[in-house]
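Under this note's numbering, the letters of the sequence shown match residues 657 to 931, in that order.
Notes to accompany the following structure.
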Amino acid sequence: MNSDLEFLAPHGHICWTYEDPAAFEEQARSYLAQGLAAGERVWYVADGDRSTLISRLSAIDGFAAALTSGAADVVSLGEAYDYGSVIEPEHQVSAYRAATEAALAAGYRGLRVAADVTALIGSAEQVDAFARYEHLIDRYMRTAPMAAMCAYSRTVLGSDVIAQLACMHPATNADDVLFRLCAGDEADSVTVAGELDPSHQQLLATALTRVDLRPIDGELVLQAPELRFIDHRCLIELHEYARRRDADVVLRTPHTAAARVVDMLGLGNVRVEAA
């Protein structure tokens with residue numbers, strides 16, 4: 657598992673998986689310190705006693721002063737989320753939108769959040785709702801001055817749940833998650849990157865269902881300039897996904913081989929265009 661924060665720094669929405677909580681806290685301190693240096697308001701969101709959490713962040717230069725001024729805050733899971741229940745994705749996005757707008761109104765350049773949300777994930781219903789939320793907040797962060805590091809414990813959640821959540825982020829340190837399905841640059845489009853091999857067919861199907869793209873002029877657009885590989889079974893999955901929505905999937909990728917496979921298999925609901 658990649659533990660280097662630097663390769664993730666350019667991205668606004670990071671999935672950070674960990675086995676050692678102390679290792680995550682070290683990365684969170686670095687992430688929040690970057691936000692303070694950039695003039696952002698920063699939040700550390702976690703389950704636990706507030707004074708204990710504050711003491712763990714004391715290594716951040718100027719953190720005590722930032723707490724006093726309002727540039728930084730330590731927020732409980734119960735304050736930031738519908739703790740102990742199944743979150744309502746749209747409501748949760750609205751809550752962070754309001755927090756971001758409040759940060760801007762106070763003179764900050766935006767909002768940066770490091771949140772360990774492991775305790776919010778338990779039942780299959782909670783996983784489904786949180787994965788849907790991760791996509792919606794990713795779409796919000798495409799155009800809003802908000803950035804977030806979403807942390808999940810591998811030990812608590814297991815690799816299957818981690819994969820379902822990590823693939824909804826544009827960046828992750830989870831090396832075993834081979835693809836990401838994220839908000840696209842165009843309205844109602846998504847970006848798919850990485851590798852779609854046979855082992856990820858079901859994960860792709862689940863992620864597409866959670867994204868729930870709406871056709872525009874009969875098309876569902878997948879931007880894939882950084883897609884390195886796509887297996888024929890995943891192309892069939894795209895075809896079935898489009899057929900169920902009475903639409904065509906438009907896959908924009910530099911890989912011409914995908915177009916040949918689509919033609920050979922007669923996948924009439926998939927069109928491959930040069931990225």
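Here a beta-carbon is modelled for each residue, glycine too, at the ideal position from N, C-alpha and C.
By how many angstroms is the C-alpha of residue j removed from the C-alpha of residue i?
i, j, result
"Q858", "A839", "20 Å"
"L869", "V848", "13 Å"
"A715", "A819", "32 Å"
"H911", "R889", "16 Å"
"L813", "G763", "38 Å"
"T865", "L776", "21 Å"
"V730", "D705", "10 Å"
I'd like the list of long-range same chain contacts for residue i, defined as Cβ closer than 8 Å, with 5 residues on each side in sequence excluded.
i, result
"A898", "L876, D904, V905, N925 and V926"
"D841", "R798, T847 and Q879"
Identify, in the order they occur along the chain, each residue of the same chain with its Cβ nearer than 7 Å to the Cβ of residue i, setting aside the five sequence neighbours on each side.
i, result
"R712", "E681"
"R765", "A694, G695, E696 and P801"
"D887", "L852, D853 and P854"
"V867", "H791, L837 and V846"
Which class does residue i belong to by DSSP, given the choice of helix, strand or coil?
i, result
"E882", "coil"
"M805", "strand"
"A728", "strand"
"G850", "strand"
"V918", "helix"
"Y700", "strand"
"Y674", "strand"
"L834", "coil"
"D772", "strand"
"I743", "coil"
"D844", "coil"
"N658", "With a pLDDT of only 49 at N658, under 50, the local geometry of the prediction cannot be trusted, and the value read off the model is given with reservation. If DSSP states are grouped into helix, strand and coil, N658 belongs with coil."
By the 10 Å Cβ neighbour count, where 16 or more other Cβ atoms means buried, how is residue i classified, buried or exposed?
i, result
"V918", "buried"
"A931", "exposed"
"P826", "buried"
"D772", "buried"
"L921", "exposed"
"E893", "buried"
"P619", "Because the chain here runs from 657 to 931, residue 619 falls outside it and cannot be looked at."
"I669", "Residue identity check: residue 669 is His in the sequence provided, not Ile. Buried."
"D900", "The amino acid at residue 900 is misidentified as Asp; the sequence shows Arg. When all chains shown are included, R900 counts as exposed."
"S750", "exposed"
"H895", "buried"
For residue i, collect the residues of the same chain with a Cβ closer than 6 Å to its Cβ; drop the 5 residues on either side in sequence, then sort them by chain order.
i, result
"P666", "Summary for P666: the model assigns pLDDT 45, below 50, so the residue's position carries little reliability; its value from the coordinates is reported in the next sentence. Answer for P666: no residue qualifies."
"A736", "V701"
"Y687", "A770 and M805"
> On the three-pair Cβ rule with 8 Å, is the segment 870-890 touching the segment 818-830?
Replying inline: no
> Are three or more beta carbon pairs between the segment 719-731 and the segment 786-795 nearer than 8 Å?
Replying inline: no
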